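Counting from 1 along the sequence shown, just add 14 to a position and that's the residue number in the working numbering.
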Amino acid sequence: MQNTTVLESVKKKGLDIELDAIARIFLSVSVLIITLAVFLGAAGAWTGSEFLNTLHPYVFFTGFGNLAILLFNRYLTSAIYPELAVDTGRQMRYIYGVLLAVVMVSLAVYLQWPLLKALAGLLLMLIVLSPLREIAAVLSFRRMWKEVSVRYYIFDVIFLLNANLGLFTLGLKEAFPDTGLIPFFVTQSAYFLGSSFPLSISVMGFLYAYAWSRSPKKELIRQFFSIWFYIFVGGVLVFLIVILVGNYTGMMLVSHLLTIGVIALLLGFARYLYRFFTTGFRHPALAFLLSGLAMLLATSAYGIMNIYFFRPFGSEPPIREGMMWIYHSHTHAALLGWITFSFTGMVYIVIPAIVRSGGSLDLLRSDRALSRLLPAENFAAAFRQLTVALLSATTVLLAFFLENRLLLSIAGVVFGGAVYYSRINLKKSFRQERSQKGER
Numbered sequence: 015m016q017n018t019t020v021l022e023s024v025k026k027k028g029l030d031i032e033l034d035a036i037a038r039i040f041l042s043v044s045v046l047i048i049t050l051a052v053f054l055g056a057a058g059a060w061t062g063s064e065f066l067n068t069l070h071p072y073v074f075f076t077g078f079g080n081l082a083i084l085l086f087n088r089y090l091t092s093a094i095y096p097e098l099a100v101d102t103g104r105q106m107r108y109i110y111g112v113l114l115a116v117v118m119v120s121l122a123v124y125l126q127w128p129l130l131k132a133l134a135g136l137l138l139m140l141i142v143l144s145p146l147r148e149i150a151a152v153l154s155f156r157r158m159w160k161e162v163s164v165r166y167y168i169f170d171v172i173f174l175l176n177a178n179l180g181l182f183t184l185g186l187k188e189a190f191p192d193t194g195l196i197p198f199f200v201t202q203s204a205y206f207l208g209s210s211f212p213l214s215i216s217v218m219g220f221l222y223a224y225a226w227s228r229s230p231k232k233e234l235i236r237q238f239f240s241i242w243f244y245i246f247v248g249g250v251l252v253f254l255i256v257i258l259v260g261n262y263t264g265m266m267l268v269s270h271l272l273t274i275g276v277i278a279l280l281l282g283f284a285r286y287l288y289r290f291f292t293t294g295f296r297h298p299a300l301a302f303l304l305s306g307l308a309m310l311l312a313t314s315a316y317g318i319m320n321i322y323f324f325r326p327f328g329s330e331p332p333i334r335e336g337m338m339w340i341y342h343s344h345t346h347a348a349l350l351g352w353i354t355f356s357f358t359g360m361v362y363i364v365i366p367a368i369v370r371s372g373g374s375l376d377l378l379r380s381d382r383a384l385s386r387l388l389p390a391e392n393f394a395a396a397f398r399q400l401t402v403a404l405l406s407a408t409t410v411l412l413a414f415f416l417e418n419r420l421l422l423s424i425a426g427v428v429f430g431g432a433v434y435y436s437r438i439n440l441k442k443s444f445r446q447e448r449s450q451k452g453e454r
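Right under this line is the structure:
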C-alpha cells in the first residue's frame with residue numbers, strides 16, 4: 015500500500031520508476047563506482063601516477079560514500095518508519111547529482127582546479143540537506159531516538175553532510191591557501207577520514223537491525239548497541255579532537271577503547287553467526303559482515319600503530335618516514351575491508367528483499383529479511399566471491415608491507431573484479447527468477 019502511494023506521487027511528477035528498479039540502478043552504479051576506484055588505485059600503484067593515487071579515494075567517497083547514505087540508508091530507515099516514503103524520482107536525481115559531483119572532482123584533481131572541487135562539495139551538501147529536511151519534518155527527536163538502529167541511520171546522514179562540508183572547505187583552502195580563513199585541520203586526509211565515518215555508522219545500525227536484534231537475547235543486545243552508539247559516535251568525535259590538538263595520550267586511550275569495543279563486536283557476531291549457521295542456513299551476507307568486522311579490527315590495530323609513529327596533524331608524510339606502509343594499510347583495511355565487505359553483505363540482504371517483494375520494503379520489515387531470498391547456486395557463488403575478496407584484500411595489505419607495487423596492483427585488480435561480481439551474481443539471480451515466473 016505504501017509503495018503504491020509512493021509510485022502515484024512519483025508519476026504526478028512525470029516519472030515512473032518503481033522501487034525495485036531504482037534499487038537495481040543503485041546496485042549497478044555503486045558497484046561500478048567501487049570497482050572503478052579500486053582499478054584506479056591499482057593502476058596508480060603500477061604506474062606510480064600521483065594523479066591516480068590521489069583520485070581513487072575521491073571517487074570512492076564522493077561516489078559510493080554519498081550514494082550509500084542517500085539511497086541505501088533511506089531504504090533501511092523507511093523500512094522502520096513507513097511514513098518516510100521513498101521518492102524514487104528524487105533518488106534518481108540523487109544518482110545524477112552524485113555522478114556529476116564525481117566528474118567534477120575528477121576534473122578538479124586532473125586539471126588542478128580546486129574551486130571545482132569546492133563546487134562539487136557544495137552540490138553534495140545541497141543534495142544531502144534534502145533527506146535531512148524530510149526526516150526532520152516527519153520524525154520527532156523522540157521517535158528518532160526510540161529505535162536504536164535509526165539513531166545510527168540519522169547520524170550517518172549528519173556526518174555525511176559534515177564530510178561534504180569538508181570537501182567544500184578543502185577546495186576553498188587549496189584555491190586560496192594564503193587567506194588563513196580555513197582552519198589548519200582541513201586537509202585531504204581529514205576529508206577522507208570524515209567521509210568514512212557515515213559509512214561505518216550505517217553498518218553499525220544495520221548489524222543491530224538485521225542480525226543481532228533477532229538474537230534470543232534481544233534486550234541485552236539492544237542495551238549493548240545503545241551504549242555502543244554513544245561510545246562509537248562519541249569516541250570518533252573525541253578522537254578527531256585529540257588528533258587535531260596532537261594529544262598522544264588521548265589518542266592512545268580513545269583508540270584502545272574503540273578497539274576493545276570492536277573486539278567485543280567481532281567475538282559476539284562470530285558467536286551469533288555460528289548459531290545462525292547451525293540452526294538456520296549459511297547466509298553469505300552474514301559471512302561478509304563478519305569479514306568486515308575482522309577487517310575493522312585490522313583497521314583499529316593499524317590505527318594504533320599509526321598513532322605510535324604519528325607526526326603533528328597536517329604534516330607530510332603523516333607518519334614517520336619508512337612507516338607509510340602502516341598508514342596505507344590502515345586506510346585500505348578500512349576501505350577495501352571494513353566498508354566494502356560490510357556493504358557487500360548488506361547488499362546481499364537488502365536488494366534481493368526489495369526485488370523479491372515486487373518493489374516494496376515489506377520483506378525488510380519482516381523476519382524473512384534473512385531468509386533464502388536467492389537460489390542456492392547464487393549463495394554458493396557469493397561465498398566463492400568472499401573467498402577471492404578476502405585473499406586479494408589480504409594480499410593488498412601484504413603488498414604495502416613488502417612495498418611491492420606489482421603485487422599491489424595485481425591484488426587490486428582481483429579485488430575490483432570480486433566487488434564487481436556482486437552485480438553479476440545478483441543480476442543473474444533476478445533474471446532466473448523472471449524466467450521462472452514467465453514459464454509459469
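All C-beta atoms in this analysis are idealised placements derived from N, C-alpha and C, irrespective of residue type, glycine included. Bear in mind the structure is a predicted one, so any value in this text is a computation, not a measurement.
Output the boundary residues of the alpha helix (DSSP H) element that contains residue i.
i, result
"Asp34", "Leu33 to Thr61"
"Gly282", "Tyr262 to Thr293"
"Ala390", "Ala390 to Leu416"
"Ala151", "Pro128 to Val152"
"Thr68", "Glu64 to Val73"
"Arg156", "Phe155 to Lys160"
"Arg379", "Asp376 to Arg379"
Can you give the Cα-Cα distance for residue i and residue j, rounded to whole angstroms?
i, j, result
"Ser385", "Phe291", "12 Å"
"Lys467", "Gly294", "Nothing in the structure corresponds to residue 467, since the chain is present only between 15 and 454."
"Thr408", "Ala312", "10 Å"
"Phe220", "Asp192", "43 Å"
"Val119", "Ala134", "6 Å"
"Ala204", "Leu179", "11 Å"
"Ala403", "Val433", "7 Å"
"Lys26", "Asp101", "With a pLDDT of 34 at Lys26, under the threshold of 50, the modelled position of this residue cannot be trusted; read the value that follows with caution. Roughly 12 Å separates the two Cα atoms."
"His70", "Trp242", "31 Å"
"Met79", "Asn392", "Residue identity check: residue 79 is Gly in the sequence provided, not Met. Distance between the alpha carbons of Gly79 and Asn392 is about 27 Å."
"Phe302", "Gly194", "45 Å"
"Gln202", "Ile48", "19 Å"
"Ile196", "Phe190", "9 Å"
"Glu22", "Glu32", "Note on Glu22: pLDDT 33, under 50, position unreliable in the model; no value is reported."
"Tyr362", "Pro128", "37 Å"
"Leu137", "Val250", "26 Å"
"Ile94", "Ser44", "23 Å"
"Leu254", "Ala390", "44 Å"
"Leu280", "Leu304", "7 Å"
"Thr18", "Arg104", "At Thr18, the pLDDT of 41 sits below 50, so the modelled position is not reliable; the number obtained from the coordinates is stated separately. Spanning the two alpha carbons is a distance of roughly 16 Å."
"Met106", "Thr263", "46 Å"
"Leu300", "Ile215", "17 Å"
"Ser406", "His344", "16 Å"
"Phe246", "Leu66", "32 Å"
"Trp339", "Ile333", "10 Å"
"Tyr316", "Phe324", "12 Å"
Please tell me whether residue i has its Cβ less than 8 Å away from any Cβ of chain C.
i, result
"Lys442", "No chain C is present in this structure, which holds just one protein chain."
Given that a residue counts as buried once 16 or more other Cβ atoms are within 10 Å of its Cβ, and exposed if not, what is residue i?
i, result
"Pro124", "It is worth fixing the name first, because residue 124 is Tyr in this sequence and not Pro. Exposed."
"Arg88", "buried"
"Pro298", "buried"
"Glu188", "buried"
"Glu64", "exposed"
"Val152", "exposed"
"Pro3", "With the chain covering only 15 through 454, there is no way to say anything about residue 3."
"Lys131", "buried"
"Thr91", "buried"
"Asp376", "buried"
"Tyr435", "buried"
"Thr401", "exposed"
"Gly248", "exposed"
"Arg285", "exposed"
"Gln126", "exposed"
"Gln237", "exposed"
"Asp34", "buried"
"Ile274", "exposed"
**Prompt:** Which full runs of the alpha helix (DSSP H) of 4+ residues lie inside the stretch 184-246, going along the chain?
**Reply:** Whole alpha helix (DSSP H) segments, 4+ residues: 202-224.
**Message:** Restricting to runs no shorter than 4 residues, where is the alpha helix (DSSP H) found entirely within the stretch 79-125?
**Reply:** The stretch 79-125 contains, as complete alpha helix (DSSP H) runs of 4+ residues, the segments 87-94 and 102-125 (chain order).
**Segment contact flag, the stretch 257-270 with the stretch 354-373, C-beta cutoff 8 Å, min 3 pairs** = Counting Cβ pairs under 8 Å, fewer than three are found: no touch.
**Prompt:** Unbroken alpha helix (DSSP H) runs of length 4 or more, entirely within the stretch 316-370: which are they?
**Reply:** Look at the stretch 316-370 and you find these whole runs of alpha helix (DSSP H), each 4 residues long or longer: 338-346 and 354-370.
**Message:** Three or more C-beta pairs under 8 Å: does that hold for the stretch 304-315 against the stretch 345-363?
**Reply:** Verdict: yes, contact present.
**Message:** Count Cβ pairs between the stretch 368-381 and the stretch 31-46 that sit closer than 8 Å; are there 3 or more?
**Reply:** A contact exists between the stretch 368-381 and the stretch 31-46.
**Message:** Contact between the stretch 40-55 and the stretch 419-429 is defined here as three or more beta-carbon pairs at a separation below 8 Å; is this criterion met?
**Reply:** Three or more Cβ pairs drawn from the stretch 40-55 and the stretch 419-429 lie within less than 8 Å of each other, which places the two stretches in contact.
**Asked** Below 8 Å, can you find three or more Cβ-Cβ pairs linking the stretch 170-184 to the stretch 141-150?
**Response** Touching, yes.
**Message:** Measuring CB atoms only, is the stretch 151-159 touching the stretch 74-87, in the sense that at least three cross pairs come out at less than 8 Å?
**Reply:** A contact is defined here as three or more CB-CB pairs under 8 Å, and the stretch 151-159 fails this definition with respect to the stretch 74-87.
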